[in-house]
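A short write-up of the structure that comes next.
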RNA sequence: GCGAGCGUGGCGAAACCGGUAGACGCAGCGGACUUAAAAUCCGUUCGCCGCAAGGCGGUGCGGGUUCAAGUCCCGCCGCUCGCACCA
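Numbering (this note's numbering), first residue to last: 78 to 955.
Right under this line is the structure:
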């Protein structure tokens, strides 16, 4: 009597039982004596509406780890929440007249139900949403603490300004120099911004990367590049002469037009090759001169107008204008150099000024060639002759021996850098310095749907923090969104921003900027450790117990920003007294970046995107079901709503079940690589589910308990036992090492082997029952519903989800004979079976006497026989 | 331009420290069951030569190290990702 496995009944049944027994709750530290903790976390989602099967991969991977750890006796924390502030809610409000709050919470409710259908072992009692005042209240408190500790400050910063939407745009919202929504040309504006002092930790954030050995090298490298530490020197170039209109420098006042020009370089060894200085178009001196010289003003305007897109910059020709200023060479006051403004000098890096040493820098060389500035080589490449070596169009940027450089002559690049800095220090013309590419983090956003910044602007007292007793500063709900009135709705609100100054009691205004949503996600992992605490972001003891996150799982797209900000935040929380258990400031001990789910894209004849479910394969051609018309099959891309190449999760689970979805997204492709969602792959997973169930049901006996002694059995039954115990070893190892696709393959192997053993003897029944028990346990992290159903069918009580992970019997798992390939001159000619660990001499004899080997040894001399124990024999002969 | 990664059957892939290349899945082919189909089950499937036993070739291309290379080294080609005038 066999019945088809009915996921529509089985899956909800087990989810209800798990929930009723609260098995997914993390234990309080006091209740978890003797257990190790495991904090498993997937990057929490933005509640955009509905989830598709593509989203499920990330959560499934985390779930496999969480379930695996629980089976291995850990106290597991596996929570879920919502990254709930952000622009899409405001866009929806504008487009559809819905309130961002309602839209967001509706989406959360829908997505929570969808996620629950996946059967994830999540402690839902800890759910949080960053848009709850109960959450952002603590964020505001931490903001104030950071402010007090000088980790928050205000600064005029260049921003991308959309003049139509009246708002700041993030870099990724600027497409080809135009605002992504309005299409208006983006301007650069200077705005007073709230800034987090990330650079305070620049060195630590960089150095600590070496200790994050459970992070992908790629991510560590990306962060390292992003921080971009470089060692060099600051050099001060005294003004020799300047246009008369520049006023003289008042003594003691810095940053004046006639002050020495500060330049940053990593190559002070090439100072004697210098032939000009170049300043950024918005360098203070450039701007001062532009006020008096129309040609310079025109040049500055031209640079500002040039698009900010990378392609524009790439194509832009090196251009400049002579500013009419002359400076003295630091090593020789009689040597004067011209000062130019140049479009390739960035004001945002270093000091916004460089010295041009054309023979050693391609940009400088291009520039010098264009404007006929002189240059001479000062670094002699290895193997070149100083008498004949010349530079014309290609600069030499590598190391060499310094020449044409007076006291630096004959030194290596490295020694010359040290020597040059020594001399600069002696002459008080410069000093060694370190530069970072990393900038402080501007967090001001002119938006409604974000965490209000707890600050008040008072004409008398300046910028005043909101007193702790007045937190949270909540968002007003009576807000209007109007397409015709762009900008920040908070700013337009009739009453919200008008408050009394907490300091003087006078009329004042609230800060109407809200925080970048990356702030919300920079500490949510810590809030999960104590998610309902009303008085503090989290209890220190609880956070110390759970943190760091033992396994973090998410997309590579967050390799830099989210992960770097979280590392910053953890250090800042530590140093402001919120956190004391994470002394190294690292929030995520181990990181896994998973690949995406990709799918073909389909376009109808009229050019609109089609959902996969609206198409069908007929005679090998893809057609639109409604019309029968041919469909244009496009590239295989990441599943996304905009291209409609998505498979809806609800519908899929209805048709095939959550276990099929979970099994499929983990099979075939390695987890870090993308996996293509295909109908045939689904079929494979579906067949497997059916096969596991059919075999389990057909067995018809209770399975032996773990450790139960086995009866005598036939060799094929014994072989199944061996395979099952080896599968335990392999799958355990595969999960531990994130090789889920290999674990899946082991599952197929075990099922194939179980199906092959047909006998009904006591031995066979035992072996089959044991193998089925092991199978149900090994698949339980992957297909938890099916595993429970099988576990129950095999006569066990309680949940397989909470049963102890199976342990392989070492004797059964061990291989006592091994098959050794025998090679002659590296080509395989035969195989022999030998006892494991057989003596070299014995194996050697077996190999040489083998019938299949002999013909290849005739007429040649055996030079050498290599025997690698338990691996291979290679006979070298000629 | 700089940096990193990848390249294996018709497809997704596996291969631990250099030791039988292609596990496992999909698709294909042949067969069983069936009036038929679906489902299921069994067999088979890198290419070439051969009736077969077997042989030869084969991990993007070209070299090298080694008894032995998908794996290590050098040089190309292609693809993907990150950064991008960073001084």
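Backbone N, C-alpha and C define an ideal beta-carbon position, used for all residues, glycine too.
In terms of residue numbering, what span does the beta strand (DSSP E) encompassing residue i cover?
{"i": "residue 542", "result": "539-542"}
{"i": "residue 114", "result": "114-119"}
{"i": "residue 600", "result": "No beta strand (DSSP E) contains residue 600, which DSSP labels as neither H nor E."}
{"i": "residue 380", "result": "It is not in any beta strand (DSSP E) - residue 380 instead sits in the alpha helix (DSSP H) that spans 371-382."}
{"i": "residue 319", "result": "Element bounds for residue 319: n/a, residue is neither H nor E."}
{"i": "residue 631", "result": "628-632"}
{"i": "residue 508", "result": "507-512"}
{"i": "residue 303", "result": "Here residue 303 belongs to no beta strand (DSSP E); instead the alpha helix (DSSP H) covers 294-304."}
{"i": "residue 824", "result": "Careful: residue 824 lies outside any beta strand (DSSP E), inside the alpha helix (DSSP H) at 817-833."}
{"i": "residue 239", "result": "229-239"}
Under 7 Å, do residue i and residue j count as touching if we go by C-beta distance?
{"i": "residue 720", "j": "residue 763", "result": "no"}
{"i": "residue 181", "j": "residue 739", "result": "no"}
{"i": "residue 289", "j": "residue 301", "result": "no"}
{"i": "residue 455", "j": "residue 353", "result": "no"}
{"i": "residue 735", "j": "residue 267", "result": "no"}
{"i": "residue 823", "j": "residue 834", "result": "no"}
{"i": "residue 525", "j": "residue 269", "result": "no"}
{"i": "residue 887", "j": "residue 840", "result": "no"}
{"i": "residue 515", "j": "residue 480", "result": "no"}
{"i": "residue 537", "j": "residue 583", "result": "yes"}
{"i": "residue 377", "j": "residue 365", "result": "no"}
{"i": "residue 882", "j": "residue 116", "result": "no"}
{"i": "residue 504", "j": "residue 496", "result": "no"}
{"i": "residue 337", "j": "residue 313", "result": "yes"}
{"i": "residue 518", "j": "residue 275", "result": "yes"}
{"i": "residue 224", "j": "residue 264", "result": "no"}
What's the C-alpha gap between residue i and residue j?
{"i": "residue 391", "j": "residue 183", "result": "Note that residue 391 scores 49 on pLDDT, short of 50, meaning its location in the model is unreliable and no value can be drawn from it."}
{"i": "residue 825", "j": "residue 765", "result": "8 Å"}
{"i": "residue 240", "j": "residue 552", "result": "25 Å"}
{"i": "residue 260", "j": "residue 135", "result": "34 Å"}
{"i": "residue 633", "j": "residue 643", "result": "15 Å"}
{"i": "residue 407", "j": "residue 596", "result": "45 Å"}
{"i": "residue 574", "j": "residue 601", "result": "28 Å"}
{"i": "residue 189", "j": "residue 199", "result": "11 Å"}
{"i": "residue 558", "j": "residue 572", "result": "16 Å"}
{"i": "residue 386", "j": "residue 639", "result": "In this prediction, residue 386 scores a pLDDT of 42, lower than 50, which makes its location untrustworthy; no coordinate-derived value is stated."}
{"i": "residue 490", "j": "residue 106", "result": "57 Å"}
{"i": "residue 674", "j": "residue 96", "result": "29 Å"}
{"i": "residue 86", "j": "residue 93", "result": "11 Å"}
{"i": "residue 733", "j": "residue 865", "result": "17 Å"}
{"i": "residue 860", "j": "residue 737", "result": "8 Å"}
Compute the beta-carbon to beta-carbon distance between residue i and residue j, rounded to the nearest angstrom, for a pair I have assumed lies under 8 Å.
{"i": "residue 129", "j": "residue 723", "result": "4 Å"}
{"i": "residue 599", "j": "residue 658", "result": "The pair is not a contact, with the Cβ atoms about 18 Å apart (cut-off 8 Å)."}
{"i": "residue 749", "j": "residue 671", "result": "6 Å"}
{"i": "residue 592", "j": "residue 699", "result": "With 8 Å as the limit, residue 592 and residue 699 do not qualify as a contact, their Cβ atoms being about 46 Å apart."}
{"i": "residue 804", "j": "residue 851", "result": "7 Å"}
{"i": "residue 362", "j": "residue 334", "result": "6 Å"}
{"i": "residue 772", "j": "residue 801", "result": "In fact, because the Cβ distance is near 13 Å, the residues do not count as touching under 8 Å."}
{"i": "residue 645", "j": "residue 273", "result": "7 Å"}
{"i": "residue 380", "j": "residue 358", "result": "4 Å"}
{"i": "residue 309", "j": "residue 343", "result": "4 Å"}
Considering just the uninterrupted stretch of the alpha helix (DSSP H) at residue i, what are its terminal residues?
{"i": "residue 41", "result": "What the structure shows of the chain is the stretch from 78 to 955, and residue 41 is not part of that stretch, so it cannot be assessed."}
{"i": "residue 851", "result": "839-856"}
{"i": "residue 807", "result": "792-813"}
{"i": "residue 558", "result": "No alpha helix (DSSP H) contains residue 558, which DSSP labels as neither H nor E."}
{"i": "residue 894", "result": "Run containing residue 894: none in the alpha helix (DSSP H); it sits in the beta strand (DSSP E), 894-901."}
{"i": "residue 409", "result": "Not the alpha helix (DSSP H): residue 409 falls in the beta strand (DSSP E), residues 409-419."}
{"i": "residue 498", "result": "490-504"}
Tell me whether the stretch 747-756 and the stretch 873-886 touch, counting them as touching only if at least three CB pairs, one residue from each stretch, are closer than 8 Å. Cβ pair count under 8 Å is below three, so no.
Under 8 Å, with one C-beta from each stretch per pair, do the stretch 138-157 and the stretch 513-531 reach the 3-pair mark? no
With a cut-off of 8 Å, do at least 3 Cβ pairs link the stretch 373-383 to the stretch 404-420? yes
Any chance the stretch 904-912 sits against the stretch 924-944, with 3 or more Cβ pairs inside 8 Å? By the C-beta criterion, the stretch 904-912 is judged to be in contact with the stretch 924-944, since at least 3 inter-stretch pairs fall below 8 Å.
Count Cβ pairs between the stretch 810-821 and the stretch 741-748 that sit closer than 8 Å; are there 3 or more? yes
Does the pairing of the stretch 461-476 with the stretch 310-326 give three or more beta-carbon distances under 8 Å? no
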